[in-house]
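Report on the following structure.
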């Protein structure tokens, strides 16, 4: 008798790296979180809880069993060293992109998006960002720090520049951030209305999707660091997925699940289902 | 001085058996639950928490104090013996039906619906089922088992046959289940739209209502075994009740409340209110 | 080196008393709560958690930093002595009103509204009440007690009389209460529809706003004493605020947050944001 | 077929009133609780959870099935009216004592002990009190109130006088209370040492036992209003029971379980087991 | 670039099967649990949480990194079919024993011990059982069922017979069970005193260790199905490990962790550390 | 009428800075926490919950009302910048020490102890450290980082050198750490035995006390980042306080309370009481 070790991947992401177009990995970092930390636990808990999911999506009429996704596990970060963490994410994402695969990252806090987008941008200079979030994330600095979950989109703008970033669902920020956005990003307050038109404008250009899950209303997603009542519903999010499924998505992430703050498990289930739908929407190669 | 023992019934269900048209009882069984168990606690916790309810419904403008309902308490099951449990439910329901009363069962997991429907069907051969749920529950077997919360509607179909089962709110299942449903049941995805027409079609025929509470969105009903984001709202459920109130309901159940997974108590309160409305909707004899 | 004591106020309410038009204070009383007590903790937890809020409202495009509000802290009550508690609230509110300021009270249970309205009424005899709540609160007595969270609006009617009280969002009560309301208050069931017209009718007359937070659906506000499924959404509440912002508000309160029953923290965050919006809506003096 | 209503009594307390020497009842009052309220839920949750207990005690080698105990359910109190609540407890206890039975009350907060002791004292003028508690409960008043959980033993002293009250396990109070105790009660700090001698001294005299469960260390009993680290262990409590089993106990209570503050359920299980042991220790009539 | 799948084993159990003397596996079954279910989650949560452990034990001065242990993952059971589950455990354990390795099983409820002991007994006819538990587990049947967590030791006695089973820490059961034990097992009430002598008596004979974690006091181990106050401390358990480390252990298990009932995570941490110590104590081959 | 702002200090620490010998402050930093973060919430929650404490200690027979302590509130740190945080703590502590006062810091994770000790050491070159902890904290680096909660005592040793550091209660670490300790610190495993002798040896020399609260058993202190079963009891900790009360304490801290992981509130209450006792033990100037 011979036996294999216990392999734990997100439900349905059980292919080999070389066979997969999409590579999922976790970035369990929450070092700049200003309120409730704990997004470091998101990816491992999502893997465990994903067994409650079906692989089939009645929304998209597609099945994870029909597509090739590799789950690379989690990066292991040094605690307390923000700079090194960002370098590790950059390097890991760069490898995936160079292998001509699509990185899908599970945060962690929103700052992890910065190095991932940088690595994708290295290859795709005409990159667009679709940013779904409750918060603007456009501060120049936060308590003196340039690198923060509250500055991440501003830092991405530093190299992407104007007219590349679309923001949806925004319902919290400083007055100055909303002012700044008027000139530099395309910001939609409260909802995701207008997304359909944006998708048309973008056409075939490469797109990075970053979903801060706190765009969702806390009624259905309480498990996050900064609670912002007034968000979109899960149905709205399914519509977002439906709208973006035709885009040329070259990278994506979902961030800011802090699972310990929701003992009911709903937030984790929500994150798992959105990940399933997102990956199914990114996939372009399924032959059914 | 003489004193009576402590009687605990669901709020307003304090009539005698012989005087009551409707008989409520609990089936605290969760033996085939595949994810989070605990529906065994639903009925006893609902009785305790029902004291926070008003007996009067502003939705239906009816009052529990005006109708005659008997609360028979909970069945006591042997743990680990699925077959015996189903026999006990069958036999108990059969007694109620033979006494020309209407059984309203509080689950437990969804498998408890199977023997209850069988017992009702014994008397009403032209029975219809209205099935409200997040899940298809149409598998032929689950991990090799024919009797499971995931196969319960398929097992009911085994004796009811085609065109008797209407499914609403379904948002999760295997691809094969959705395919199978196309030929054998009338399945509505995601919502309860079309219910009004179905009610008209059914007319005076006897109907059994089975409500898997996970049809509700987990934002308002997190306390259940398998969390499925994307469900209907409580308002939608009140509309369902309003639509079915004219039907000839000969049996009903509400299942899958797992109260320990919702420490806020909201799920239990939701289940209690739905039970109040359901019983008020079933009642046809009130003279106000 | 000299150092100051640790001051804790609700976010942005850091002005001096003499400079402030609006005075916020807490009334941590839950002595007549019939189900789950704990509203005594609301005001102190809201102060702590308010640091997760932005001072800027994208709804109203106003900023707490631009208006003058004083946070007077919490009243200290003797436990178990309902009458004395009510006297203390009356006297405290009276002082504020006499200083020509606007009291905004954080409950506590709903009974605290009675003395606050009495003190405001002493000055404004033509006062209107806008009452937002899940419950009628119109009982003549509750288990024999005249002073109760379940009788508070009836007690207010005792001195205000007919045609002065508007009730919105009501979805629970005894049949008799709904009947009584038909003749004495203007009650809207389930929603806040019609509010816009009411605002017009009231015009410049002085208004007291009392928001029992359980008007909200428990999906987004589980942290309260009596859970009533079927409430309004947070978006609906933001619309309420938008509608009342033109009124001549001379007093207000938000009551019935019981924070310990919501370990996720969502209910507290909801209460904090509503308080921010309410105060911004009351303010008439901002020069931006 | 005829069926009976659902009876809910504490495990093994299923005898009739007339046959029982011991009468258990609940006093769900927490109106003067100064920190975390919720002892109102203790008795009903204990009844529900008692089904996890065995009726047999390996400590005392006695079985609840062999003794006659009646569970009278809970008193129903008006909220917010402390005086009326105390009168109701007095009257109920008086009836039991007059019927020559032994009252065993489940609190509620500690103030409920006052009327119960008064009613017992009416019959037994040479009554002793054994008081097990973390707190002295000897204040003359608390925030101006004479009737409070913090003054209850002082109020009992008002009619019992010196040398009648033994206090054990005390580890919290004002300096003045400890000073006062030196002259008026027999107070043992931190532990229950010396209990054996006290039992001998008391001999056959009638004794009332009041157990504030917060005498236990919060490691094993977190579910209470005021947490006081440094208490006795469950083993210590079993020794207490063993020591008092020979006494002529004419009344008893266990108070201050606040079950919602312990989601693990341990505190409730502890309270249930102590109640089982206490009742078995009080019983003198078992013939085995 | 090539990448491996995410392997998840209990901390330090990362060897290959063929190299390992000890094989750990999970049996996530809780089908006969009579109170709070959930032991099905124990093994997977223990793997996740084991990363908080050190591999080095200061108790035994040994390190998991120095010994060879294989973690085989969890068995996958059909829900609701008790008999088939037991067959699967039997067959899996049998394979391990035939390969001359030592099975260490993580439950699940206590019934999983039955087939594991049967498989070990097949090879070692002179087997002894050391049973650590709060409960006797000696019922002939439980609610009519012969196979139950409450009958497991009785079922083991059916084939092992008298004088083979030592029970420690027992503090709950029916009177009849304690009586029965006097003739058929060697039962120690409340504590583990006498263990040292038992170890001497057993000498080199093969021993199976079964640890029902509810032997621990609920203060340190609340996360279990049936809470029994009055258990042993963690220090006591470390002494148990120290005492048994010289025995010829040919099989072992730790059962009855129900992690969802302890949101603090303490129970899982306790189970993880006991597993570390148990495995280090079983190991006889380390050369340091 | 004039009114003051809401001041929130730890119970009884309500003196002015200039009048106080002892200065308490919070360092809400948890940036290098490797498992469960959240110690950032400790100081603010302790202030809120301290109102459940008595100011009088029956252990030491002293009262906080009789001594002069100033509560300076919390330092405000930039998130994600470990180095700057340490500088801020150093500078703040330095000021206190230069004013000839005694700093008592509330963590935060254990790394905050490093700059506090450095600032105290600047003045007292013959400083001793009494280190109470579950963990050695003696790693040279942790995942490559020199500054970490797991290296803090090693970093202190870097400037204090051999024979200055006493460690008590240690029950977890790498084998290498225990080996290293044999030559460089005086480490006591598991308990605080020998403390009395150490106190004698130290005599009048200046001492810094650092208490990592995870030295306590998780039964009474679950609210911490890394749970280590097998710790000391609260009684043991009171003995520690009793033993050190004669020392010349020139600085102290208590760290590693992570309050969100203990929803019962016990851990916070434990931390509050230890802080009360520690401050009373440090005080040398009370004239009673």
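Protein chains in written order, with our numbering: chain A, 164 to 451; chain B, 164 to 451; chain C, 164 to 451; chain D, 164 to 451; chain E, 164 to 451; chain F, 164 to 451.
Glycine is no exception: its CB is placed at the ideal position from the N, C-alpha and C atoms.
A quick note: this is a predicted structure, and the numbers were derived from the prediction, not measured.
Proximity winner among F:399, F:391, F:320 and F:260, relative to residue 357 (chain F) (alpha-carbon distances):
Here the closest residue by C-alpha is F:399.
In chain E, what lies closer than 7 Å to residue 171 (chain A) by C-beta?
169 and 171
Quick one: grab the DSSP three-state call for residue 406 (chain C).
helix
Report all residues from its chain with a CB closer than 7 Å to the CB of residue 450 (chain C); omit the five preceding and five following residues, and keep chain order.
Confidence at residue 450 (chain C) is low in this model, with a pLDDT of 49, below 50, so its placement is unreliable and no value can be given for it.
Please report whether the beta-carbon of residue 341 (chain A) lies at a distance below 8 Å from any beta-carbon of chain F.
no
What is the rounded straight-line gap between the Cα of residue 432 (chain F) and the Cα of residue 334 (chain E)?
Rounded to whole angstroms, the gap between the alpha carbons of residue 432 (chain F) and residue 334 (chain E) is 31 Å.
Interface partners of residue 226 (chain B) on chain C, CB under 9 Å
Within 9 Å Cβ-Cβ: 337 and 338.
Measuring only between beta-carbons, confirm whether residue 347 (chain B) sits less than 8 Å from chain C.
Proximity of residue 347 (chain B) to chain C, defined by a Cβ-Cβ separation below 8 Å, is not satisfied.
With DSSP as the reference, please indicate the residues paired to residue 308 (chain E) in a beta bridge.
Beta bridge pairing from DSSP links residue 308 (chain E) with E:305.
May I ask you to list the residues that DSSP assigns as paired with residue 187 (chain C)?
C:234 and C:267
On the three-state DSSP scale, how would you describe residue 411 (chain C)?
Note: residue 411 (chain C) maps to strand in three-state DSSP.
Test item: CB-CB of residue 381 (chain F) and residue 429 (chain E) under 8 Å:
yes
With distances taken between CB atoms, is the gap from residue 259 (chain C) to residue 446 (chain C) smaller than 8 Å?
no
Inspect the beta-carbon positions of residue 223 (chain C) and residue 408 (chain C) and report whether they are closer than 8 Å.
yes
Sorted by chain position, which residues of the same chain lie with C-beta nearer than 8 Å to residue 170 (chain E)'s C-beta, five sequence neighbours on each side aside?
177
Would the beta-carbon of residue 331 (chain B) fall within 8 Å of that of residue 294 (chain B)?
yes
The region 380 to 398 of chain A: which residues have C-beta closer than 8 Å to a C-beta of chain C, in chain order?
380, 381, 382, 383, 385, 386, 389, 390, 391, 392 and 393
How many Å lie between residue 191 (chain B) and residue 388 (chain E) at the Cα?
16 Å
Rounded straight-line distance, which links the Cα of residue 355 (chain F) to that of residue 195 (chain A):
37 Å
Length of the line joining the Cα atoms of residue 350 (chain E) and residue 292 (chain D)
When rounded, the distance between both Cα atoms is 38 Å.
With H, G and I counted as helix, E and B as strand and the rest as coil, what does DSSP make of residue 383 (chain E)?
When secondary structure is reduced to three states using DSSP, residue 383 (chain E) falls in the coil class, being assigned neither helix nor strand.
Pull up the distance between the alpha-carbon of residue 312 (chain B) and that of residue 426 (chain C), whole angstroms please.
31 Å
Should residue 173 (chain A) and residue 187 (chain A) be called a contact, given that it needs their Cβ atoms to be closer than 8 Å?
yes
For residue 373 (chain C), three-class secondary structure by DSSP
strand
Name the DSSP beta bridge partners of residue 244 (chain D), please?
C:244
Assumed close pair residue 420 (chain D), residue 205 (chain D) - CB separation to whole angstroms, cut-off 8 Å
4 Å between Cβ atoms; contact.
Between which two residues does the beta strand (DSSP E) containing residue 352 (chain F) stretch?
349 to 352
What number of angstroms, rounded off, separates the C-alpha of residue 217 (chain D) from the C-alpha of residue 377 (chain E)?
15 Å
Any C-beta of chain D under 8 Å from that of residue 176 (chain C):
no
Can you tell me whether DSSP reads residue 295 (chain F) as helix, strand or coil?
strand
Secondary structure of residue 485 (chain C), DSSP reduced to three states:
Residue coverage of chain C in this structure runs from 164 to 451, which leaves residue 485 (chain C) outside it and unanswerable.
What's the C-alpha gap between residue 197 (chain B) and residue 242 (chain E)?
6 Å
Any chain C beta carbon closer than 8 Å to residue 219 (chain B):
yes
Could you pull out every residue in the same chain whose Cβ sits closer than 8 Å to the Cβ of residue 401 (chain F), ignoring the five residues on either side in sequence?
222 and 440
Looking at chain F, which residues of the region 348 to 369 of chain D have a Cβ within less than 8 Å of any of its Cβ atoms?
352 and 353
Chain B contacts from the region 411 to 432 of chain D (Cβ-Cβ distance under 7 Å):
426
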